[in-house]
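Here the sequence shown stands for residues -8 to 258, where the numbers follow this note's numbering. First up is the structure itself, then whatever we jot down about it.
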Amino acid sequence: MSSSKARQWNESHSDAHDGVIIELQDVWKIYKMGSVEVPALRGVNLKIHKGSFVAVMGASGSGKSTCMNMIGCLDVPTKGKVYLDGQDVSLMSESALAQIRGRKIGFVFQTFNLIPTLTALENVMLPMTFQNIPKHKREKRARELLEMVELGDRTGHKPGELSGGQQQRVAISRALSNDPELVLADEPTGNLDSKMGVEVMSFLSRLNKEEGKTVVMVTHDSNGAKHAEMIHKLMDGRIVGSEVGEGQQDSSTGGKAVSSMDYTSTL
Ligand SMILES: Nc1ncnc2c1ncn2[C@@H]1O[C@H](COP(=O)(O)OP(=O)(O)OP(=O)(O)O)[C@@H](O)[C@H]1O
Ligand SMILES: [Mg+2]
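Here it is as structure tokens:
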């Protein structure tokens, strides 16, 4: 689909502001390295709608991870605004934001980021510890999540005793432990072979379709990106293109709210 068609599609689906979980408005991120300024994002505008599955693509250094850090409220823009559920993130205190992030957003990283000394079960339980959930409930939920990713028989294994694909599935379980609305995955298949990559990708897709989670994924893999409803392309810190992917659902037959990510690039 052409960029202009995608834009029309976005416009037709962007009327309901209350369906937006994250909005970036003219977001700039300029890293200062001594006297040198590195502009990583240069005026990104986008809306991520609840229940959507969005892929972000672009060359190395184009600003994908920086953009994910903004979407995940892990970093603040140099200029511009980020709204989480309609609330201006810059007006929230760091502790309030950390609480909200812990509840609403689950992160999956390319390098899994599991704690090597903890078992799969303990890794999945960990984020719930910070949300004051009693231990027996944490353990029950962690077991259920590991069963969901078909690792019910590996709960006592440490990361080093699991394959890459299994470690990433533990990481996905961990990201889901607080039942977040939004799952952010930065190159979740980057360290996996193609078979395991397909496995992880189809799991993320199921999370979106069956559990209704909003999923935003950075990927270099154009086959994987096809699972998404919208594919956005970043170049030099700007969104330069937007396509509707094969994961787009038909609201008239799907029964699920169709969602999208809008962009109006300030080119
Ligand atoms: N903490 C930082 N300090 C200074 N510059 C940074 C920092 N993080 C990123 N950059 C720079 O910002 C630009 C965008 O980086 P970013 O990590 O967002 O790219 P990316 O698209 O995720 O790349 P990759 O595909 O390699 O992960 C790059 O030029 C990078 O060198
Ligand atoms: Mg990156």
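Backbone N, C-alpha and C fix where the C-beta goes; we use that ideal spot for every residue, glycine too. Predicted model only: the values in this text are computed from it and were never measured.
Assigned secondary structure, residue i (DSSP; H/G/I helix, E/B strand, else coil)
i	result
Glu113	helix
Phe194	helix
Asn169	coil
Val161	helix
Val67	coil
Glu220	coil
Asp79	strand
Leu88	helix
Lys128	helix
Lys20	strand
Leu225	strand
Leu142	coil
Lys149	coil
Leu105	coil
Ser213	helix
Ser185	helix
Gly10	helix
Gly52	coil
Gly156	helix
Gly238	coil
His4	Its pLDDT being 44, under 50, His4 is placed unreliably in this model, and the coordinates cannot settle the point.
Cutoff 8 Å; reference residue i; Cβ partners in own chain excluding five residues on either side
i	result
Gly147	Thr110, Ala111, Leu112
Met48	Lys55, Val209, Thr210, His211, Ser213, Ala216, Ile222, His223, Lys224, Leu225
Thr108	Lys149
Ile106	Glu113, Asn114, Leu117, Pro150
Bridge partners - residue i, DSSP secondary structure assignment
i	result
Leu175	Phe98, Val207
Gln122	Its beta-bridge partners do not exist; DSSP assigns none.
Val73	Leu15
Residue i beta carbon near ligand 2 (any heavy atom closer than 6 Å)
i	result
Lys149	no
Contact set for residue i: own chain, Cβ-Cβ below 6 Å, skip 5 residues either direction
i	result
Ser168	Val115, Pro118, Met119
Val99	Ala162, Ile163, Ala166, Ala176, Pro179
Glu2	Legend: pLDDT at Glu2 = 49, less than 50; position of this residue unreliable, value from coordinates given subsequently. Answer for Glu2: no residue qualifies.
Thr57	Lys20, Ala31, Leu32
Ala7	Only weak support is given to the placement of Ala7: the predicted model assigns it a pLDDT of 45, under 50, and the value that follows is read from those uncertain coordinates. Result list for Ala7: empty, nothing under 6 Å.
Ile28	At residue 28 the sequence reads Glu, which differs from the Ile that was named. Once the five neighbours on either side are set aside, the close Cβ partners of Glu28 are Ile21.
Tyr337	No statement about residue 337 is possible, as the shown extent of the chain runs from -8 to 258 and does not include it.
Residue i Cβ short of 6 Å to ligand 1 heavy atom set
i	result
Ala216	no
Gly31	Reading off the sequence shown, one finds Ala at residue 31, where the question assumed Gly. Yes, the Cβ of Ala31 comes within 6 Å of a heavy atom of ligand 1.
Lys55	yes
Ser51	yes
Continuous beta strand (DSSP E) stretch holding residue i: start and end
i	result
Gly34	27 to 40
Gly232	229 to 235
Ala46	44 to 49
Segment limits, alpha helix (DSSP H) that includes residue i
i	result
Lys55	55 to 62
Cβ-heavy atom distance, residue i to ligand 4, below 6 Å
i	result
Tyr74	The ligand content of the structure shown is limited to ligand 1 and ligand 2, which means ligand 4 is not among them.
Same chain, Cβ closer than 7 Å to residue i, five either side skipped, listed in chain order
i	result
Asn60	Asp66
Gly155	Asn182, Leu183, Met187
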